[in-house]
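**Q**
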Amino acid sequence: MKNSLERKALVVCVAIAAITALWPQGLKTLIQPAIQTAIAYLGSGFFLFVNALLLALLMLCFSPLAGRKMGGADAQKEFSTFGWLAMLFAAGMGSGLVFWGVAEPVLHSHQMPLKHSMYPEPVAASMALTMLNWGFHAWALYAVFGLMLGGVTRAIKNADDLSAPVLHALPGSLGVKHKVRIKRVIYFVAIIAIFFGVVGTIANASMLLKNGVTIKLEHYGLSLNAHWVGALMLLAITALYVTSARFGLRRGIQVLSKFNVYLAFIMMALVILTVPLTPILSTLWNGLKEYLLLVVSGAWQFDSQLKDADWASTWTYNYYFWWLAWGPFVGLFLARISRGRPLWQYIFGVTIIPTMVSLVWFSVLGGSALALDSQTQADLAAVISADYTQGVFIFFSQLGGVGELLAWLSLLLLMVFVATSADSALLVIRQLCESVHSRASLILWSSAMAVISLALLLIADEPLNRNIAVIGGIPFLLIFIVQLVGFIRAFTQELLDDSQQPPPE
Numbered sequence: 041m042k043n044s045l046e047r048k049a050l051v052v053c054v055a056i057a058a059i060t061a062l063w064p065q066g067l068k069t070l071i072q073p074a075i076q077t078a079i080a081y082l083g084s085g086f087f088l089f090v091n092a093l094l095l096a097l098l099m100l101c102f103s104p105l106a107g108r109k110m111g112g113a114d115a116q117k118e119f120s121t122f123g124w125l126a127m128l129f130a131a132g133m134g135s136g137l138v139f140w141g142v143a144e145p146v147l148h149s150h151q152m153p154l155k156h157s158m159y160p161e162p163v164a165a166s167m168a169l170t171m172l173n174w175g176f177h178a179w180a181l182y183a184v185f186g187l188m189l190g191g192v193t194r195a196i197k198n199a200d201d202l203s204a205p206v207l208h209a210l211p212g213s214l215g216v217k218h219k220v221r222i223k224r225v226i227y228f229v230a231i232i233a234i235f236f237g238v239v240g241t242i243a244n245a246s247m248l249l250k251n252g253v254t255i256k257l258e259h260y261g262l263s264l265n266a267h268w269v270g271a272l273m274l275l276a277i278t279a280l281y282v283t284s285a286r287f288g289l290r291r292g293i294q295v296l297s298k299f300n301v302y303l304a305f306i307m308m309a310l311v312i313l314t315v316p317l318t319p320i321l322s323t324l325w326n327g328l329k330e331y332l333l334l335v336v337s338g339a340w341q342f343d344s345q346l347k348d349a350d351w352a353s354t355w356t357y358n359y360y361f362w363w364l365a366w367g368p369f370v371g372l373f374l375a376r377i378s379r380g381r382p383l384w385q386y387i388f389g390v391t392i393i394p395t396m397v398s399l400v401w402f403s404v405l406g407g408s409a410l411a412l413d414s415q416t417q418a419d420l421a422a423v424i425s426a427d428y429t430q431g432v433f434i435f436f437s438q439l440g441g442v443g444e445l446l447a448w449l450s451l452l453l454l455m456v457f458v459a460t461s462a463d464s465a466l467l468v469i470r471q472l473c474e475s476v477h478s479r480a481s482l483i484l485w486s487s488a489m490a491v492i493s494l495a496l497l498l499i500a501d502e503p504l505n506r507n508i509a510v511i512g513g514i515p516f517l518l519i520f521i522v523q524l525v526g527f528i529r530a531f532t533q534e535l536l537d538d539s540q541q542p543p544p545e
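Per our numbering: the sequence shown ends with 545, consecutive numbering throughout.
1. Tell me the rounded alpha-carbon separation between G389 and G292.
2. Residue ranges of each alpha helix (DSSP H) run of no fewer than 4 residues wholly in the stretch 353-424, ordered along the chain?
3. For the stretch 119-139 against the stretch 437-444, do three or more pairs of beta-carbon atoms, one drawn from each stretch, fall closer than 8 Å, so that the two count as touching?
4. Measuring CB atoms only, is the stretch 106-123 touching the stretch 137-156, in the sense that at least three cross pairs come out at less than 8 Å?
5. Would DSSP call L272 helix, strand or coil?
6. So what does DSSP say about L189, is it helix, strand or coil?
7. Is K250 buried or exposed, if buried means 16 or more other CB atoms sit within 10 Å of its CB?
8. Could you pull out every residue in the same chain whose Cβ sits closer than 7 Å to the Cβ of G83, ignoring the five residues on either side in sequence?
9. Run through DSSP, which three-state label would L264 get?
10. Pick from V206, L497, I469: whose alpha carbon is nearest that of G526?
11. Do E474 and M247 have their C-beta atoms within less than 8 Å of each other?
12. Helix, strand or coil for K155? Go by DSSP, reduced to three states.
13. According to DSSP, is I109 part of a helix, a strand, or is it coil?
14. Please look up how many angstroms separate the CB atoms of L181 and V311, rounded, as I've assumed it's under 8 Å.
15. State the CB to CB distance for the pair S450 and V432, rounded to an integer number of angstroms; the pair is presumed to be in contact (CB under 8 Å).
16. So for L172, helix, strand or coil by DSSP?
17. Using CA coordinates, which residue listed in S414, P382, V404 is at the minimum distance from G190?
18. Pull the bridge partners of L257 from the DSSP assignment, please.
19. Could you tell me which residues DSSP puts in a beta bridge with L346?
20. For the alpha helix (DSSP H) that contains W470, what are its first and last residues?
21. What does the Cβ neighbour count give for G240, buried or exposed, with the cut at 16 atoms within 10 Å?
22. Relative to the C-alpha of W325, which candidate in L524, F129, E161, R529 has its C-alpha closest?
23. Can you say whether V216 is buried or exposed, counting buried as having 16 or more other CB atoms within 10 angstroms of its CB?
24. Report yes if the C-beta distance between L87 and L517 is below 8 Å; otherwise report no.
25. By alpha-carbon positions, which one of A243, G175, I528, Q116 ends up nearest to L334?
26. Where does the unbroken alpha helix (DSSP H) through Y428 begin, and where does it stop?
27. Look up Q76 in the DSSP assignment and say whether it is helix, strand or coil.
28. Do you know offhand how far E144's Cα is from L536's?
29. According to the Cβ coordinates, are S398 and M167 closer than 8 Å?
30. Do you know how far the Cα of S478 is from the Cα of T283?
31. How far does the alpha helix (DSSP H) with V335 in it extend, from its first residue to its last?
32. Would P368 be called buried (16 or more neighbouring beta carbons within 10 Å of its own) or exposed?
33. When the Cα of L45 is compared with those of I521, T121, V220, which residue comes out closest?
34. State the DSSP-derived secondary structure class of M41, mapped to helix, strand or coil.
35. So, at 7 Å on beta carbons, what are the nonlocal neighbours of G458 in its own chain, with the 5 sequence-adjacent residues on each side left out?
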C-alpha cells in the first residue's frame, strides 16, 4: 500500500506545485475563490463545532476520567515535561507567532471589526480577536486529534492509525477490502492536508525572512535581489528541517524545540527590559479579560458581534480550517510524544499552557508596538496593511541597538520554528506512507515542499498562502467528524463495559 499511496499523493502535490509555478494567476483565479466560498458557507458552523469541542475538553479535564493515561494504563512518559511542552508548542504554531506577533494586534486595533458598542477599547479588543484566532480553539482542535489517536481506549489503541476511529464508527460487517480502501482514502486526504498546511506556513515564513534579511542588508549598505534572498532563506529552512529529520525525534525535533522556547523567552525579556512595562501589563490584563468575554459571549453568536460578518471568513474561520489542516500531523505528533501522561495533564498542557504563552507573546510584542506607535509617526497600521511582513521590523527599528539584535533573533527564531513544524510534518507524512526510514522518501517530500513554497514565495501573496494552507483541511472536515463519532462510540462503550464489571473482591 505504501508505494501506491505515496506515489498518488506525490503526484497530486507535484501537480499543484507545477500549476503554482507555471500558472500562478490561474491558481489565484480558480482555487482561491473556491476555497473562500467553501469557508464562507462552512465557517460559522465549524466555529460552533470547535466551541463544543473546547467545552467537552474542559469537562473531560475535570471529570473522574481525567486520570486515564494517554497510550494506555501501562504507558510510560518518554520526555520531560519541558521537552514535551516545547515540542508541542513548536510543532503546533510557533512560526506564526513570529509572523503575526506585531502585525495582527496592530492591524485589528486600527481596523477594528468588532462593534464599538460591545468592545469600546480597541487595544484590548484587538488582543481578544488575535487570541480568538490563536488561542484555546486552535489548541482544542489539536488536543482532540491527539486524544482520538492517543490510545486512551482499548478499541482504538493504535496511536499511529488515523483510520482507526473512522473504522470504529462504521458497521462492523465491512470486509477487509473495504476497510483497506477507506484507510487509503483517509491517509491520502490527510497527507494532502498536512502537506499544503505546512507549505502555506513555509511560504509565509520565507516572505518574512526575505523582507527581513533584505531590510537588514540594506541597512548595512548591501543591496541584493530580494528574490534571491528569499530563495536562499527557503534553502536554509529546507536544509534545516531535512537535517533535523535525519536525527529523529529526540535528537532532532526536541533539541530544536527547546532552542526555540529559550530564544523566544530571551526575546520577550529583551523587549520587556527595553520598553515601558506598564503598556505590556495593561495589554496582557485587559486583553485576557476581553478574550475570555469574547470566548464566552461570542461562542454561539460571533457573527453578530462583527461590523461585517465576512471578516470572520477572511480571518477567524480561515485560521480554524488552517488548524484543521494541521490537525492530522499535530494530532499524531501529540499522541506520539504524550504517552504516559494523564488526560488532565494532556488537556491542560496542550490547551491552556500554549494559549497563555501566546497571550504573553502577543502582549509583549503587540502591546509594546501599539504603545510606541501611539507616541511616534511610524504609522504601523498603514505599513502592515500594505505588507504584513514589515510590522515586526518597523517595531524593532524603534528600539535602537537592542532592536537591531531583536530583528536578527526574530529571523533566527522564525527559521528554526518553521523548520521544526516542517520536520514534524515530514515525520508524520512518511509515517502515513510507511516510509519513515526511506531516505528517498525524505528527499522527495522535502523537495516537493521546497518547490511549491518557492513558487508561493515568488507570487508573494499572503492571503493566497492562507488559502493554499486550507486546501486539504476542508475535505478533511468530514473525516474528522466521522473520527470523532468513532472515538465517542468507542469511549462510551468502554465506560459502559467497565461500569458493568463486578467489583473486585
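The beta-carbon is built from N, C-alpha and C at its ideal position, and this holds for glycine as well.
This structure is a prediction, so every number in the text was calculated from the model and none was measured.
**A** In brief:
1. Our two residues, G389 and G292, have alpha carbons roughly 22 Å apart in a direct line.
2. Complete alpha helix (DSSP H) runs here, min 4: 356-377, 383-387, 393-402, 408-415.
3. The stretch 119-139, when compared against the stretch 437-444, does not touch it at the 8 Å Cβ threshold.
4. Two segments are said to touch when three or more pairs of C-beta atoms, one from each, lie closer than 8 Å; by this definition the stretch 106-123 does not touch the stretch 137-156.
5. Looking at L272 - three-state DSSP - the assignment turns out to be helix.
6. Correct three-state label for L189: coil.
7. So K250 ends up on the buried side.
8. Non-local C-beta neighbours of G83 in its own chain, meaning closer than 7 Å and more than five positions away in sequence, comprise A352, S353, Y357, ordered along the chain.
9. For L264, the secondary structure class from DSSP, reduced to helix, strand or coil, is coil.
10. That would be V206, whose Cα lies nearest to the Cα of G526.
11. By the CB criterion at 8 Å, E474 and M247 fall outside the cutoff.
12. Of the three classes helix, strand and coil, the one that applies to K155 here is coil, per DSSP.
13. The sequence shown places Lys at residue 109, not Ile. Strand, per DSSP.
14. 29 Å between Cβ atoms; not a contact.
15. The distance from the Cβ of S450 to that of V432 is about 6 Å, consistent with a contact at the 8 Å cut-off.
16. Helix, per DSSP.
17. Nearest of S414, P382, V404 to G190, Cα basis: P382.
18. Its beta-bridge partners do not exist; DSSP assigns none.
19. Note: L346 sits in a beta bridge opposite L154.
20. Just to set this straight, residue 470 is Arg in the shown sequence, not Trp. Looking at the DSSP string, the run of the alpha helix (DSSP H) that includes R470 is 440-472.
21. Around the beta carbon of G240, 16 or more other beta carbons lie within 10 angstroms, which makes this residue buried.
22. Selection L524, F129, E161, R529 evaluated against W325 yields E161 as nearest (Cα-Cα).
23. It is exposed - the Cβ of V216 has fewer than 16 other Cβ atoms within 10 Å.
24. Inspection of the sequence shows that residue 87 is occupied by Phe rather than by Leu. In this structure, F87 keeps its C-beta atom at 8 Å or more from the C-beta atom of L517.
25. The shortest Cα separation from L334 among A243, G175, I528, Q116 belongs to G175.
26. Where Y428 is concerned, there is no enclosing alpha helix (DSSP H), given that its DSSP letter is neither H nor E.
27. In the structure shown, Q76 sits in a helix (DSSP, three-state: H, G or I).
28. So the two alpha carbons sit approximately 47 Å from each other.
29. Taking 8 Å as the Cβ cut-off, S398 and M167 do not qualify as a contacting pair.
30. Answer to the nearest angstrom: the Cα atoms are 14 Å apart.
31. From DSSP, the alpha helix (DSSP H) with V335 extends over 317-337.
32. Buried: at least 16 other Cβ atoms inside 10 Å.
33. Looking only at I521, T121, V220, the smallest Cα-Cα distance to L45 is reached by V220.
34. For M41, the pLDDT reaches just 42, beneath the cut-off of 50, and the residue's location in the model is therefore unreliable, leaving the point undetermined.
35. Strictly speaking, residue 458 in this sequence is Val, with Gly absent from that position. Setting aside the 5 residues that flank it on each side, V458 is surrounded in the same chain by S135, T241, I242, A245, I277, each with a C-beta closer than 7 Å to its C-beta; the list follows chain order.
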